[in-house]
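Protein chains in written order, with my numbering: chain A, 240 to 351; chain B, 61 to 173.
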């Protein structure tokens with residue numbers, strides 16, 4: 240079975256630019272999560288989709304972050320404008336009902 | 061969400077059994093305990109999950125005492141490829157079948173030849 244796919248694997252942008260991260264969950268998984276780890280810190284929850292609806296976005300740091308999941312399939316996480324403190328690894332995970340979490344390999348974002 | 065506490069790092073020689081203990085003193089009645097493994101440049105990968113007593117699968121065992129305030133992940137006869145960060149997560153499954161979990165610091169296991 241195909242796993243969770245994230246694109247790009249690495250992104251280097253300048254402060255003030257916009258970056259869009261994409262996550263393709265495992266087919267059929269209604270639950271999709273975004274997590275982030277900034278350097279030296281723990282992995283932190285950002286938000287959770289159930290199909291196309293945002294179930295919980297309590298972890299989103301501020302309004303520069305916008306997540307979407309059109310049609311309940313893939314999801315995008317846009318950062319606009321990016322700031323230095325947004326650098327880190329962004330993980331996506333998908334989950335079937337009452338199943339374990341499956342994580343992607345992450346997107347390493349570097350804001351210069 | 062229950063907070064978890066694990067040792068920051070551990071070293072072990074190849075072929076030894078490794079036990080990593082996690083404390084979760086405020087675990088809720090419906091919470092499950094799940095362990096994940098993470099290699100560099102990869103996302104966390106599920107190892108094992110349990111609710112109480114002992115669970116065993118092809119890669120690890122999970123021991124949970126009666127009070128459930130801690131759990132121990134046991135890796136039999138580790139090899140160099142088991143060098144990774146191990147996370148203990150605690151969370152319940154909501155009515156929609158999803159599980160919100162909180163990551164702690166994880167335990168960085170270094171297997172030595």
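Glycine included, each C-beta is placed from N, C-alpha and C at the ideal position.
- Look at the segment 265-285 of chain A: the residues with a C-beta under 9 Å from a C-beta of chain B are 269, 270, 272, 274, 276, 281, 282, 283, 284.
- Around residue 165 of chain B, the same chain offers 66, 68 as residues with beta carbons nearer than 7 Å, after the five sequence neighbours per side are excluded.
- Bridge pairing for residue 246 of chain A: A/261 [DSSP].
- For residue 170 of chain B, the enclosing beta strand (DSSP E) has its first and last residue at 167-172.
- Within chain B, no residue has its CB atom less than 9 Å from the CB of residue 292 of chain A, the nearest being about 10 Å off.
- When beta bridges are read from the DSSP output, residue 314 of chain A appears opposite A/262.
- In the pairwise beta carbon analysis, the segment 336-347 of chain A is classified as touching the segment 86-103 of chain B: at least three pairs are separated by under 8 Å.
- Residue pairing by DSSP places residue 70 of chain B opposite B/169 in a beta bridge.
- By DSSP's assignment, residue 342 of chain A forms a beta bridge with A/332.
- Taking the Cα positions, residue 344 of chain A is about 35 Å away from residue 127 of chain B.
- In this structure residue 82 of chain B is not in contact with residue 141 of chain B, their Cβ atoms being roughly 22 Å apart against a cut-off of 8 Å.
- When DSSP reads this structure, residue 151 of chain B sits in a beta bridge with B/92.
- Residue state for residue 143 of chain B is assigned as coil, using DSSP reduced to three classes.
- Boundaries of the beta strand (DSSP E) around residue 284 of chain A: 283-289.
- The DSSP-derived three-state label of residue 296 of chain A is coil.
- For residue 345 of chain A, the C-beta contacts it makes with chain B under 7 Å involve 103, in order along the chain.
- The straight-line gap separating the alpha-carbon atoms of residue 101 of chain B and residue 350 of chain A is approximately 18 Å.
- Contact annotation for residue 295 of chain A against chain B: 160 [CB-CB distance below 8 Å, chain order].
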